[in-house]
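Please read the structure below before turning to the comments.
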Amino acid sequence: MKNIVITDNCNPKFAYNLSKKYNLGIEVQSFHDPYILETNPNLKTTYKELFKNFNYSKSIHAPFWELNLGSKMREITEVTIKMFDFTYTIAKELGCTDIIVHNGYIPNTSWESAWIERASEKWILFLESRNDINFYIENQFELNSSIICKLVDKVNLSNFKVCLDIGHVNAHSEESLINWIENLGNRIGYVHLHNNNGKIDEHNGLDKGSIEISSVLENLENHSPNAIWCLETCESDIESSYLILEKFIRL
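Take the sequence shown: its letter number 72 is residue 846 in my numbering, and every next letter is one higher.
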């Protein structure tokens, strides 16, 4: 059975209620803000209470602001590792099995091969003692699928795969979304599903944009059939988008 997850859009109770209605997993996004516990110190308790009798999959999105594990700047990579470890610790506390992190590569700011070498070395060291949770590296501004393919292959660990964000590809990439899916193949373990106009990362519902969702879903099933599908639309579009997925799955 397909594992479908919804993002909570930093509104855990809304996501919990929708999850219970349709038997869906939840991606926790509140902790993408690493300072959230300063303003909401009881947030972890809120999630723990909601998840007490929660029998569906749980994932969590890491902070991503200005993080870059392939940077030449030691201070930047140190903060990046700190933020990923912050997420790992919370994931363990909440019982999450999957962590989504942004790749952090900005095109044309570093030689690709050198960036991959630096990032892969740090990922291998980081994952050495954290092999009990899956990490999915998410594309954002990449112009093509090459760098993520090479990074995942270089790290070569079973708990390090790709989170393909189809909206980011549509808005930022020079390579077609179908080519991304074909090139990444089984490296894809997790997918962020949303739509946009091809220019701005709008996080619209699946039927609101220039992405041909049915074609994308068919290709995902063909090339990465075991990937988790996560709806990352705005809150108002999540339920209607799930119903679109439900129709596809029943075909």
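For each residue, glycine too, the CB sits at the ideal point set by N, CA and C.
Please classify residue i: does DSSP put it in a helix, a strand, or coil?
{"i": "residue 1005", "result": "strand"}
{"i": "residue 898", "result": "helix"}
{"i": "residue 879", "result": "coil"}
{"i": "residue 937", "result": "strand"}
{"i": "residue 908", "result": "strand"}
{"i": "residue 872", "result": "strand"}
Which residue from the options puts its Cα closest to that of residue i?
{"i": "residue 953", "options": "1016, 795, 920 and 775", "result": "920"}
{"i": "residue 945", "options": "784, 891, 783 and 977", "result": "977"}
{"i": "residue 869", "options": "895, 854, 818 and 842", "result": "818"}
{"i": "residue 777", "options": "972, 808 and 829", "result": "829"}
{"i": "residue 998", "options": "807, 937, 883 and 893", "result": "937"}
{"i": "residue 842", "options": "893, 794 and 1022", "result": "893"}
{"i": "residue 902", "options": "859, 808 and 806", "result": "859"}
{"i": "residue 909", "options": "888, 1019, 1021 and 931", "result": "931"}
{"i": "residue 992", "options": "951, 884 and 979", "result": "951"}
{"i": "residue 895", "options": "845, 1014 and 875", "result": "845"}
{"i": "residue 1017", "options": "814, 994, 987 and 886", "result": "987"}
{"i": "residue 857", "options": "897, 806 and 972", "result": "806"}
{"i": "residue 995", "options": "875, 972 and 1022", "result": "1022"}
{"i": "residue 982", "options": "917, 1015 and 990", "result": "1015"}
{"i": "residue 827", "options": "849, 794, 980 and 897", "result": "794"}
Verify the CB distance criterion: does residue i have a CB-CB separation below 7 Å to chain C?
{"i": "residue 838", "result": "The chain inventory of the structure shown lacks chain C, comprising one protein chain alone."}
Excluding the five sequence neighbours on either side, which residues of its own chain have a C-beta within less than 6 Å of the C-beta of residue i, listed in chain order?
{"i": "residue 790", "result": "824"}
{"i": "residue 972", "result": "944 and 984"}
So, for residue i: in the same chain, excluding its five sequence neighbours on each side, which residues have a beta-carbon less than 7 Å away from its beta-carbon?
{"i": "residue 904", "result": "862"}
{"i": "residue 1051", "result": "Residue 1051 lies beyond the stretch modelled for the chain, which goes from 775 to 1025, so this question has no answer here."}
{"i": "residue 820", "result": "786"}
{"i": "residue 1012", "result": "780, 792 and 1005"}
{"i": "residue 913", "result": "877, 922, 938, 939, 942 and 943"}
{"i": "residue 985", "result": "940, 944, 951 and 969"}
{"i": "residue 961", "result": "923, 926, 935 and 936"}
{"i": "residue 879", "result": "844, 889, 916 and 921"}
In chain order, what residues of the same chain have a beta carbon less than 8 Å from the beta carbon of residue i, not counting five sequence neighbours either side?
{"i": "residue 975", "result": "941, 942, 945 and 946"}
{"i": "residue 1006", "result": "781, 801, 939, 941, 966, 967, 968 and 977"}
{"i": "residue 785", "result": "1009"}
{"i": "residue 907", "result": "862, 865, 866, 870, 871, 872, 873 and 933"}
{"i": "residue 1002", "result": "777, 778, 779, 799, 831, 833, 872, 963, 964 and 965"}
Review point. Considering only residues of the segment 798-864, which uninterrupted beta strand (DSSP E) runs meet the minimum length of 3 residues and lie entirely inside it, listed in chain order?
Key: 799-802 and 832-835
Exercise for review: Return the chain-ordered ranges of every alpha helix (DSSP H) run that is complete within the segment 947-1025 and spans a minimum of 4 residues.
Suggested key: 951-958, 987-997 and 1012-1024
Point to revise | Touch test, the segment 837-850 against the segment 781-799, Cβ-Cβ under 8 Å, three pairs minimum | key: no
Review point. Is there contact here, the segment 851-861 with the segment 919-937, by at least three beta-carbon pairs under 8 Å?
Key: no
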